[in-house]
Structure formats: structure tokens, C-alpha cells
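Here my numbering is used: the first residue of the sequence shown is 7, the next is one more, and so on.
Positions of the beta carbon are idealized from the N, C-alpha and C atoms, including for glycine.
A short worksheet on the structure shown next.
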Amino acid sequence: MSLTGHPCPFPIAELINLDRHPINRPDSPQYSSMVAEARSKLANDGCAVIPKLLDSTAIPIMSAEILSIRPFLHESKIAINPYFSEADPTLPPDHPINTFIERSGGFIPRDAFDATSAIDAVYQWPPLLAFIADCLGLPEIHCYADPLAGLTINVLGPGQQFSWHYDTNDFAVTILIDEASKGGLFQYSPNIRSTESENFDKVKACQDEDLATVRTLRLQPGDLQIFLGRFSLHRVTRVDRSSSSRHTAVFAYTERPGVIGRRERTKQLFGRTLPAHEEAERIRTRGDELKD
Ligand SMILES: O=C(O)CCC(=O)C(=O)O
Ligand SMILES: [Fe+2]
Numbered sequence: 007m008s009l010t011g012h013p014c015p016f017p018i019a020e021l022i023n024l025d026r027h028p029i030n031r032p033d034s035p036q037y038s039s040m041v042a043e044a045r046s047k048l049a050n051d052g053c054a055v056i057p058k059l060l061d062s063t064a065i066p067i068m069s070a071e072i073l074s075i076r077p078f079l080h081e082s083k084i085a086i087n088p089y090f091s092e093a094d095p096t097l098p099p100d101h102p103i104n105t106f107i108e109r110s111g112g113f114i115p116r117d118a119f120d121a122t123s124a125i126d127a128v129y130q131w132p133p134l135l136a137f138i139a140d141c142l143g144l145p146e147i148h149c150y151a152d153p154l155a156g157l158t159i160n161v162l163g164p165g166q167q168f169s170w171h172y173d174t175n176d177f178a179v180t181i182l183i184d185e186a187s188k189g190g191l192f193q194y195s196p197n198i199r200s201t202e203s204e205n206f207d208k209v210k211a212c213q214d215e216d217l218a219t220v221r222t223l224r225l226q227p228g229d230l231q232i233f234l235g236r237f238s239l240h241r242v243t244r245v246d247r248s249s250s251s252r253h254t255a256v257f258a259y260t261e262r263p264g265v266i267g268r269r270e271r272t273k274q275l276f277g278r279t280l281p282a283h284e285e286a287e288r289i290r291t292r293g294d295e296l297k298d
């Protein structure tokens, strides 16, 4: 076992580039300036990237790990609107709510990861959680306790894409591990909607490939991205058919400890649930109805 208390055989200093990004030294001036820069980027356009957070030696280790757990991939191909909602027949057929675009790809779930996983060692490293919380201006964050959704690999194979959508969580943390050689670009329209306005005209423009409000991120393997996806419409463009798969590690965190996802949503995303989901649902129901 390493000094971090995680059974991963690689020390964290071989996985994260701590010389360049001293996230374990919160009293250092570099730490303060990293946090200040991330906060200003999040405030301005809802997205902050810590370039090459991972050491370059970590990438082949993590790529090999992803290949080894790839048999657990759960793939789907559906058409979604940006709100993951049903069509609304009272609205015109070309309204953004009624515009459904292909979302294809898959997830490797939390329970596929080995206990010794290097990806998991980074995901759970307490100084990383404290740093991300600082960037978000939160007192603390916790690893999402969901046994399928807590830590996942988002896989976009050749010809697959994740069409325009909003996230349902307040913030998302991802690390690109394997980029597509062509396509597979992360694009977003910063703060296109607010609590006051859905801004449907601009959303429609994105769906029609008018990219006037859209930024394209040039992510490199090992970059950490913090993204406020509830207000910024975003997508991953189609991975070219000639490309290898694009893999991102999705680090899910929650503000409160012990959170587990809803049963129906879990079924949609992963095609199955685990006893923990049933138990959490039972407790929720009991809490809501006060029958016992
Ligand atoms: O793979 C990514 O870069 C993020 C995809 C995304 O938007 C999501 O998982 O909600
Ligand atoms: Fe998203």
C-alpha cells in the first residue's frame, strides 16, 4: 500500500504532475494562483482546465487500465434533446425541445475498476478533492457514493457522438485519457441559458450548426476539466470513423457524502441497478411517506 492509503501500486507523485501543479500544497503561492485562475474561468464561462494535471507517464498506465476493463462497457444509441426530456406536441416540431439528435457511446461503470486502479487513486486523492472544492468555492466535496456512477469512463468509439445537452449535476470533473485522432471535440456555448431564460433561439442555432456562440476546447490527454454544465449547452462531436476510441475519466463528486443515484436514471444509463440502488430508493420512499 502506498503512502496515500490507496492500494494502487503507483505513488500519486508519479500520476499527478505535482511540480507543475502543487495541489497538495495549499499554502503555496502557486496553489493560490491556480485556484484564482480556475475561479475566474468558471465565473466567466463555466469551464476551467488544468492543463496536463496528470504526469505524462500516467497516460499509458491509465490507457492500459481502460482497455483491461473495456469488456464492462455499456453502450447505447438513442436520440436526445438537450434536456433529456420527452417531445412536447404543443410546441412546433422544430423547437429545441422537439429536436432530437443522436447520442451514441457508452460508459464503463464504477464496479468495473480494480481496487488497485491508478484512475481511482487519483479520483479519491483527498488533496485533489480539496483543490476542486476550492476552485468551485465549496467547503468540501465527496466522492459520489453511487456504486455504478461514482467513477466512470466515457467511451466514444469510431463514428459515435454525444449530442448537445445540459448536465443534470451542478458541476462535472473529467480527465481526458485518450483523444480521438480526428473528431471527438468538446464544444460548449458558455452560459447560454440562465435561471431567467432558456434562450431557445440560441439553442436552436447550435442544433442547426450555427456555432457563433460556441467554443471548442483543445483538450490534451491528462488535462483536468471542471465544467458547470447546467447552464452551458455542450457536446462531443462525432469521433471520426477512422479514429480510435476517445476515453474520458468522469470523476463524480457531491457536496454531501453518501449520495446514491435514482433507480430509474441508473437503469437508463447503465442498463442495470445494484442492491444499493434498491436500498436507497426504499429509504427515500420511507423518508417521504413516513409510514413506519
Ligand atoms: O466526455 C466528455 O468530455 C464529457 C461528455 C459529457 O458532456 C457528459 O458526460 O455529460
Ligand atoms: Fe455533459
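One or two residues paired with residue i in a DSSP bridge
| i | result |
| --- | --- |
| ARG252 | LEU162 |
| ALA64 | In DSSP, ALA64 forms no bridge with anything. |
| LEU303 | Because the chain here runs from 7 to 298, residue 303 falls outside it and cannot be looked at. |
| GLN193 | THR222, ARG241 |
| HIS148 | THR260 |
| ALA85 | GLU108 |
| CYS53 | PHE233 |
| PHE113 | HIS80, ASN160 |
| HIS171 | HIS240 |
| ILE22 | LEU60 |
Best match in the options for proximity to residue i [C-alpha to C-alpha]
| i | options | result |
| --- | --- | --- |
| GLU146 | PRO153, ALA286, ILE138 | ILE138 |
| LEU239 | CYS14, ILE159, MET68, TYR172 | TYR172 |
| ARG76 | GLY264, ILE289, VAL242, PHE113 | PHE113 |
| LEU275 | ASP140, PRO153, THR260, TRP170 | PRO153 |
| LEU217 | TRP170, GLU261, THR260, LEU182 | TRP170 |
| ALA85 | ARG109, PHE206, ILE18 | ARG109 |
| GLN226 | THR254, THR219, VAL220, PRO115 | THR254 |
| GLU215 | PRO164, ILE107, PRO99 | ILE107 |
| GLY235 | GLY165, ARG271, ALA178, GLY228 | ALA178 |
| ILE266 | PHE206, SER69, ASN175 | ASN175 |
| ALA211 | PRO95, ASP100, ARG26, ILE72 | ASP100 |
| ALA118 | GLY165, ASN50, PHE78 | PHE78 |
| PRO164 | GLY277, GLU81, PRO133, GLY143 | GLU81 |
| LEU144 | THR260, GLN166, VAL220 | THR260 |
Own chain residues within Cβ distance below 8 Å of residue i, not counting five before or after
| i | result |
| --- | --- |
| THR222 | LEU191, PHE192, GLN193 |
| TYR37 | PRO28, ILE29, ARG31, PHE137 |
| ALA186 | LEU162, VAL245, ASP246, SER249, SER250, SER251, ARG252 |
| ARG262 | HIS148 |
| ILE67 | PHE16, LEU21, ALA124 |
| VAL41 | PHE137, ASP140, CYS141 |
| ALA93 | ASN87, ILE103, ASN104, PHE106 |
| SER34 | PRO28 |
| VAL220 | GLN193, TYR194, SER195, CYS212 |
Sequence-distant residues of its chain with Cβ nearer than 7 Å to residue i (five each side left out)
| i | result |
| --- | --- |
| VAL209 | PRO88, PRO102, ILE198, LEU239 |
| ALA54 | ALA44, LYS47, LEU48, CYS141, ILE232 |
| PRO281 | none |
| GLY156 | ARG116, CYS149, TYR150, ALA258 |
| PHE168 | ARG109, GLY111, LEU162, ARG241, VAL242 |
| PRO189 | Residue identity differs from the one stated: residue 189 is Gly in this sequence, not Pro. Correct list, in chain order: THR243, ARG244, VAL245, ASP246, SER249. |
| GLU71 | SER123, ALA124, ILE125 |
| GLY52 | PRO196, ASN197, PHE233, LEU234, PHE237, SER238 |
Sequence-distant residues of the same chain with beta carbon closer than 6 Å to residue i, five excluded per side
| i | result |
| --- | --- |
| VAL256 | THR158, ASN160, THR180 |
| PHE90 | none |
| LEU135 | ILE147 |
| LYS83 | SER110 |
| LEU230 | ILE56, LEU59, ILE181 |
| PHE206 | PRO102 |
| HIS283 | ARG269, THR272 |
Expected contact under 8 Å - CB spacing of residue i and residue j to nearest Å
| i | j | result |
| --- | --- | --- |
| LYS58 | ASN23 | 6 Å |
| ILE65 | ILE183 | 7 Å |
| SER203 | PHE237 | Rounded, the Cβ-Cβ distance is 11 Å, inconsistent with contact. |
| GLY228 | SER62 | 7 Å |
| PRO13 | ALA121 | 5 Å |
CB contact below 7 Å: residue i versus chain C
| i | result |
| --- | --- |
| LEU97 | No chain C appears in the structure shown, which is made up of a single protein chain. |
Does the contact criterion of 3 or more C-beta pairs under 8 Å hold for the stretch 113-127 versus the stretch 285-294? no
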